[in-house]
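The numbering of the sequence shown is UniProt numbering, which starts it at 1 and goes up by one. Yeah, the Cβ is synthetic: ideal placement off N, Cα and C, and Gly gets one too. Keep in mind it's a predicted model, so treat the numbers as computed, not measured. The structure appears right after this line, and notes come after that.
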Amino acid sequence: MGTPLDDAGLDTIFRTARTFNGYTDQPVTEADIRKIYDLLKMGPTSANQQPARFVWCTSDAAKEKLAQCASGTNPDKIRQAPASVVIGMDENFHEELPWLFPHTDAKSWFTGDADKRKEHAFRNSSLQGAYFIIAARAIGLDTGPMSGFDPEQVNAAFFGDEPNVKVNFISTLGHGDPETIFDRSPRPEFEKFNRIV
């Protein structure tokens, strides 16, 4: 059993953490990126599928390529952030299951069923995208997840040689500038969307 986090830890990950629209000039390093991945990969996925594929955009050229795929105010957010990440999903994740989940022949559960693979890839890469946000917060960084982009453009730009990989969502990453956040939107009370049966 794990040790419960104290209030400061819960604040860092959930209660006072925010989605940022802009960042300070402090860089995101390769060491930061590797730290985030080494945490997020430990989060559970069905049969340890690990379908998420991450492209970390840190160069101006890579950020510009991603910005060209985004809409609304997102292009400037991407250009100005120290880093951005494309969270993709490998719809052929089952090819990796023999070593990721060696307890049984899990690959056979998905062979020949593209719709089932797509469903599982989306669900579990979404989980991994959420783990990315939590891991970034846990090491003192902030994120700006977004869905305002053209998925076909992103796929062509970043996964053109991997047609089995599709984008799920994208996010900026850095040390958040408090001046760029909005007032917190409402959060529902337990009774609004929960039932205990």
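Q: Rounded to whole angstroms, what's the CA-CA distance from A136 to S147? Just pull it up for me.
A: Numbered from 1 along the sequence shown, position 136 holds the residue referred to as residue 136. Numbered from 1 along the sequence shown, position 147 holds the residue referred to as residue 147. So the two alpha carbons sit approximately 19 Å from each other.
**Q.** Per DSSP, the bridge partner or partners of F149
**A.** Looking up residue 149 in the sequence shown gives position 149. Answer is A70, bridged to F149.
Q. Where does R123 fall in DSSP's three states?
A. Reading the sequence shown from its first residue, position 123 is the one you call residue 123. R123: helix per DSSP, three-state reduction.
Q. Which residues mark the beginning and the end of the alpha helix (DSSP H) in which A52 is found?
A. Position 52 of the sequence shown, counted from the start, is the residue given in the question as residue 52. The continuous stretches of alpha helix (DSSP H) do not include A52, which lies in the beta strand (DSSP E) extending over residues A52 to C57.
Q) Taking the alpha carbon of R117 as the point to measure from, which residue in L100, Y131 and F93 has its own alpha carbon closest? A) On the sequence shown, residue 117 is found 117 positions in, with the first residue counted as 1. Ranking L100, Y131 and F93 by CA distance to the CA of R117 puts F93 first.
Q. Roughly how many angstroms lie between the CA atoms of D32 and L40, to the nearest whole one?
A. Residue numbering aside, residue 32 sits at position 32 when the sequence shown is read from its first letter. Residue numbering aside, residue 40 sits at position 40 when the sequence shown is read from its first letter. Rounded to the nearest whole angstrom, the C-alpha separation of D32 and L40 is 12 Å.
**Q.** Distance between D161 and P188 (C-alpha atoms, nearest Å)
**A.** Position 188 of the sequence shown, counting from 1, holds the residue named residue 188. Position 161 of the sequence shown, counting from 1, holds the residue named residue 161. Each residue's alpha carbon lies about 43 Å from the other.
Q | Through-space distance from K65 to G129, alpha-carbon basis | A | Indexing the sequence shown from 1 puts residue 129 at position 129. Indexing the sequence shown from 1 puts residue 65 at position 65. In a straight line, the C-alpha of G129 is about 21 Å away from that of K65.
Q | the region 105-125 in contact with the region 55-69 per 3-pair CB rule at 8 Å | A | They do not touch, by the three-pair rule.
Q: Identify whether I36 lies in helix, strand or coil by the three-state DSSP scheme.
A: Sequence index remark: in the sequence shown, residue 36 carries index 36 (1-based). In the three-state DSSP reduction, I36 falls in the helix class (H, G or I).
Q: Using the Cα positions of N168 and V86, report the straight-line distance between them to the nearest angstrom.
A: As a first step, residue 168 is located in the sequence shown; it is residue number 168 there, counting from the start. As a first step, residue 86 is located in the sequence shown; it is residue number 86 there, counting from the start. Take the alpha-carbon of N168 and the one of V86: they are about 8 Å apart.
Q. Taking DSSP as the reference, what is the three-state secondary structure of I133?
A. As a first step, residue 133 is located in the sequence shown; it is residue number 133 there, counting from the start. Note: I133 maps to helix in three-state DSSP.
Q. For V28, does the three-state DSSP call read helix, strand or coil?
A. Here residue 28 refers to the residue found at position 28 of the sequence shown. Three-state result, V28: coil.
Q. Quick one: is D142 buried, meaning 16 or more other Cβ sit within 10 Å of its Cβ, or exposed?
A. Here residue 142 is taken as the residue at index 142 of the sequence shown, counted from 1. Result: buried.
(Q) Rounded to the nearest angstrom, what separates I181 and I196 at their Cα positions? (A) As a first step, residue 181 is located in the sequence shown; it is residue number 181 there, counting from the start. As a first step, residue 196 is located in the sequence shown; it is residue number 196 there, counting from the start. Cα-Cα distance, rounded: 34 Å.
Q) Where DSSP assigns a beta bridge to D113, which residues make up the other side? A) Here residue 113 is taken as the residue at index 113 of the sequence shown, counted from 1. None; D113 has no bridge partner.
(Q) Using a Cβ-Cβ cutoff of less than 6 Å, which residues in the same chain neighbour W109 once the five nearest sequence positions on both sides are dropped? (A) Taking the sequence shown and counting its residues from 1, one reaches residue 109 at position 109. For W109, where only same-chain residues beyond five positions count, there are no Cβ hits under 6 Å.
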